Each structure stands twice: as C-alpha cells, then as structure tokens.
Amino acid sequence: MNHYDIIIIGGGITGTAIAHECSKYKLTAALLERGTDIGIGATKGNGGVVHPGYDPTPGSLKAKINVRGANSYPRLAKELNFGIINPGIFVIGFSAADEAVLRHKLEFGIKNGVRDLAMITAEQMHNREPHLATDAKQALYAPTATVVDPFEVAIAFAENAKANGVDILTNQPVTAIEKRTDGSFRISTANQQFACSYIVNAAGNHADAVAKLLGIEEYQMKPRHGDLLVFDKDMKIKPQTVMFPCPGPDTKGIACIPTVHGNTIVGSTATMMDDKEAVDNYAPGIQALIDGVHKILPELDAGKIIRTFAGLRPVVLDNNNDFFIAESQTVKGFIHAAGIQSPGVASAPAIAEQVRDLLDNAGLEMKPKSDYNPYREKQIVFSELDVAKQDALIQQNPAYGQIICRCETVTAGEIIDAIHGLIPAHTLDAVKRRTRAGMGRCQSGFCQYKIIAILSRELGLAVDEICLEDQGSRLLCGPVKGGAK
Ligand SMILES: Cc1cc2nc3c(=O)[nH]c(=O)nc-3n(C[C@H](O)[C@H](O)[C@H](O)COP(=O)(O)OP(=O)(O)OC[C@H]3O[C@@H](n4cnc5c(N)ncnc54)[C@H](O)[C@@H]3O)c2cc1C
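Residue numbers for the sequence shown follow the numbering used here, so the first one is 260 and each next one is one higher.
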C-alpha cells in the first residue's frame, strides 16, 4: 500500500490548487477524486469571475483569502498557461438606497486591500457599455477583476502538480477512513487502500460526509443551487464588462459575464437545497436570470441562449457565509478546506497557501523543492495558430487537418491529445472541457458521434461503453433500425 505524507480528498479547484501548492515542497502527496475527471463538482458549474474582494466582510477569513487569491491570478495564468481576461466589474446601483450599499462595498474593498476601486457615474458606465439600462445611476467599478475558465484552471493546477510529482487519481471515491494508533491514516476507496500522515478534506459539498467517516462532526453543510445561461458568441449586444446589480445579503445578484472564449454567461440564482447532486436547471430560475439580466441589459437577446447549466455552492451552515479552513479540533492531522462557496474560484490559490500553513503548523516539514517547475505547456489549440503554423502541423500529423467540431474549430488531433494528456480525458465531457469540442452553437449536435468514435478507438472500448461524464452515463445503448453496431 502506498504511504503518502498528504492525501487530498476532492479534485475541484480547491483540491487541485492545494495539490499544486504541495508539489512545490519535498513531500509525497496524492489527490483522490471520486469522479471520472477532476473539476466536475461546483468547479464546472460557476461563473468564472475572479472577484477582486470588495464583497466579504473585512476581518473575515474570506476577505483575506479572496483578495490574496485574486491577486495571484495574472501570474498563475502566465505560469500555468490558462486563459484569462480582464474585463473589470461594474456593480450597478439603480437608486439612492443602492448607492448606500455600493459605498459600503467600496469601504469593504478598501479595507480588504482591493486596488483601484472607484465609484463611477452613469455617463462613465454608458461610455463603456452603451446598451446598459438607462435607469442605471452609478456603479462601484473594480477595474482589476478578471475572468477565467474555472475547469481549465483546475486542469492546469492538476497537470502542473502531476508534472511536479503529485499523484492525481480519479475514480477513487473515498468510502472509509481510519486513524491508526501510530497517528497515520488508512483511506479506503471503492477498490484501493492508501496510507498517509495528513489528510486535506476538499470534498466540496461532501466535505461533511468525508469528515464523518472519521467521526468528525464539526459543521453541517447544505448546497446553494445556482442556474446559469450561456449565450452564443455571435450577438449584436455583448457586454465588455462583468456587470452585477447591487448585491443582496446572500447573493451577489444576477450578472452578465464576458468569458475567456467570447461567449456571455448570465448567472446565478441562489437557492438553498437539500439534495447535494441536484444540478438540474429549474424553469423559475431560468426566467429569473432572463428577467435579472434584462434589468442591466434590456436588449440582450434571450433567443441566443445556447445552453443552461447549474452548480451547487458548498455552504457550511451557521458560519457567517465564510469558508471553513482549519485543522480538525478532534482529529490531529485532518485539515478541512470546506464550505468553499463563492468566491471559491477567485480564492483557490490563497486557500492552498492557507492549507500549506496549516500543514506546517500541524508538524509537516515544508521544505521547498529545488527542481520545482512552475511552468505548464498547454495543449495545441489549432484555431489559435496562424495559417502557416496550421499547415506545418497538418504536414506533421494529418489528424490536425480533420475538423471534428465545426462550431469551435476543434481538430481530431486536439481530441487525441486530450485523451492521452497528462490528466487523460476519458469521457465526452472531459474532452469538451479540454478542447471545447461540443461547446459551440450546435452543442455537439454535429460532432458528438465523431468524438465517441475517436474515444472508442483511442481507448480500445466499444462505442456503447463511452460515457458522458459519470461512471454508467453511457451515451449509446444499441443499434437502431437493425443497423450494425
Ligand atoms: C452557480 C455558481 C456560481 C459561482 N460563481 C463563482 C464565481 O463567479 N467566482 C468564484 O470565485 N466562485 C464562484 N462560485 C463558487 C465556486 O464554484 C466554488 O467555490 C468552487 O468551485 C468550490 O470548489 P471545490 O473544489 O471546493 O468544490 P468542488 O468543485 O465541488 O470539488 C469537490 C470535489 O470533491 C469530490 N468528492 C466529493 N466526495 C468525495 C469522496 N468521498 N471521495 C473523493 N472525492 C470526493 C467531488 O467529486 C468534487 O470533484 C460559484 C458557484 C456556483 C454554484
């Protein structure tokens, strides 16, 4: 049985950021993710806004961590080669009451250390966003705010961690944990056993259940559901800025968000739920998003919605909406990185540093590695190359000359690269997250069967064994009209 210094449970943006941080030190670490891929929990169901940190109450853990995490993103994007844009944020007021809230957020932001925040006038907003609602009166402007593709970031963290020696293991649902008399832990997954000295619990909405495997009941959790919409790239009216309305007590409100890839996202609703797997969309939520975004951009064309999706924010109850990052009071060596609700994406790099410090305080010696490589090369993106480079690539490997996803111009070569990548993509959605094949206007209507065929060929599986995402989510169930399999 493998013994590691640290085992991280959960491969969302929190767990992968922690794995990335751990990979900088002379220690052994593994990440265990229950799903077929990393980044398939809350990390694939969010807006991707790197909130700069004017929202959390000064002095809270969230306030410190949010600002530090957000500030790391431009450097990390360069080192790990993931996409980032810098559209800034308007938080828009429509009334005198809203203005008071915005000034309060300005004060929070200044106290939390957010750079360059300012109140701006309706005219200044309209100069940048000419289609903004005419009753928008003023805004808090956060020009440093960025937007990322959250699962691309999680993949980048995990790939870099793996390249620097951390084992990233998928299909490993943790089902039992035992504390041994020598102080070490024994972890059982569905089909393997692992031993370690320290555990980091980054299991998102299931962090309470994972803690309970050791009898730890230090908090209770519930998910906060949010619907989101994706709009086509081809729109007459496209926001340049992330635009939120004045926030409410539990939610930042319904925003329009320009994305790294040129779509617009509208999100999110916020509804407390009991079901931790309920990532369906609900009609009232979709309507609330359309109505909400029309208060900001009245002419945004709802006919251009190409996809709806949803996510569940992991919320620790009775914790002032804060993160819960601490060593267990009852089991030494067990670190919680729990309740990572919004802005967990923005905060992930600093959550990882906080966990590193907790591990250090708990007695794990954190000696930096001299051969740590902070850089990650990303996969070839055919559509980003100029024609000469595309031609040269096709000469070298004709698979790059075969366009599979016409909407996003994704080639067979890129799909094959993803299937055999450092963190391999073995499902349709894993290929989609790495290559964007199926993310365009037709939402894989024209390319799904081709991607299934490539996955089947490359993995040596029958076509009806290829899954959408979770184990058992098979896409094909047999031949139709008596046709060949
Ligand atoms: C609608 C919505 C909008 C949001 N918008 C933003 C935003 O714009 N900006 C922002 O910063 N944040 C945003 N967030 C918050 C952000 O998505 C989360 O804070 C973040 O994704 C949490 O990441 P995580 O890794 O902690 O959890 P997850 O991504 O859920 O990862 C937990 C992982 O643990 C795994 N796991 C669970 N149990 C086990 C087990 N027993 N064994 C092994 N693995 C296990 C799961 O499969 C999962 O992959 C939003 C969230 C939602 C829902």
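C-beta atoms are modelled at their ideal positions from N, C-alpha and C, and glycine is treated no differently. As the structure is a prediction and not an experimental result, all values here were calculated from the model.
Taking Cβ positions, are Ile748 and Leu617 nearer each other than 9 Å?
-> The structure shown does not extend to residue 748, since the chain is modelled only from 260 through 744, so no value can be given for it.
Assigned secondary structure, Thr429 (DSSP; H/G/I helix, E/B strand, else coil) = coil
For Pro504, verify whether its CB is less than 8 Å away from any heavy atom of ligand 1.
-> no
Buried or exposed: Cys736, going by 16 or more other Cβ atoms within 10 Å of its Cβ?
-> exposed
Can we count Asp486 as close to ligand 1, meaning its CB is less than 8 Å from some heavy atom?
-> yes
C-beta atoms of Ala468 and Ala461 nearer than 9 Å | no
For Ile414, three-class secondary structure by DSSP | helix
Proximity below 9 Å, CB of Lys323 to CB of Ser354 | no
Burial state of Gln600 (16 or more Cβ within 10 Å) = buried
If you measure from the CB of Ala696, is any heavy atom of ligand 1 nearer than 8 Å?
-> no
The beta strand (DSSP E) enclosing Ile458, as first and last residue numbers = Gln452 to Asn460
Do the region 491-499 and the region 556-574 meet, that is, are 3 or more Cβ pairs less than 8 Å apart?
-> yes
Residue nearest to Ser300 in terms of C-alpha spacing, selected from Asn371, Gly372, Pro409 and Arg327 = The displayed chain sequence assigns Gly, not Ser, to residue 300. The shortest C-alpha separation from Gly300 is found at Pro409.
Which partner residues does His484 have in the DSSP bridge list?
-> Thr530 and Leu571
Ser354 CB to nearest heavy atom of ligand 1 below 8 Å = no
Hey, which unbroken runs of the beta strand (DSSP E) at 3 residues or more fall wholly within the region 351-406?
-> 377-380 and 397-401
The beta strand (DSSP E) with Thr448 in it runs from where to where?
-> Phe444 to Thr448
Any heavy atom of ligand 1 within a distance shorter than 8 Å of the CB on His465?
-> yes
Buried or exposed: Tyr708, going by 16 or more other Cβ atoms within 10 Å of its Cβ?
-> exposed
Where does Glu437 sit, in a helix, a strand or coil, going by DSSP?
-> strand
Do the region 567-583 and the region 592-607 touch if we need at least three Cβ pairs shorter than 8 Å?
-> yes
Should Ala359 be listed as close to ligand 1, given that the test is whether its C-beta is under 8 Å from any heavy atom?
-> no
Residue range of the unbroken beta strand (DSSP E) whose run includes Gln264 = Note on identity: in this sequence residue 264 is Asp, with Gln being the wrong assignment. From DSSP, the beta strand (DSSP E) with Asp264 extends over His262 to Ile268.
Identify the continuous alpha helix (DSSP H) that holds Ile299 and give its terminal residues.
-> No alpha helix (DSSP H) contains Ile299, which DSSP labels as neither H nor E.
Using 10 angstroms around the beta-carbon of Glu366, count the other beta-carbons present and answer buried if the total reaches 16, otherwise exposed.
-> exposed
For His363, count neighbouring C-beta atoms within 10 Å of its own C-beta (all shown protein chains included) and say buried if the count is 16 or more, exposed if not.
-> exposed
Would you list the one or two residues that DSSP bridges to Glu586?
-> Ile594
Report the option in Glu717, Thr670 and Lys637 whose CA atom is closest to the CA atom of Leu681.
-> Lys637
Kindly indicate which residue of Thr316, Pro432 and Arg334 has the alpha-carbon position closest to the one of Gly269.
-> Pro432
Can we say the region 534-552 touches the region 567-574, given the rule of at least three CB pairs closer than 8 Å?
-> yes
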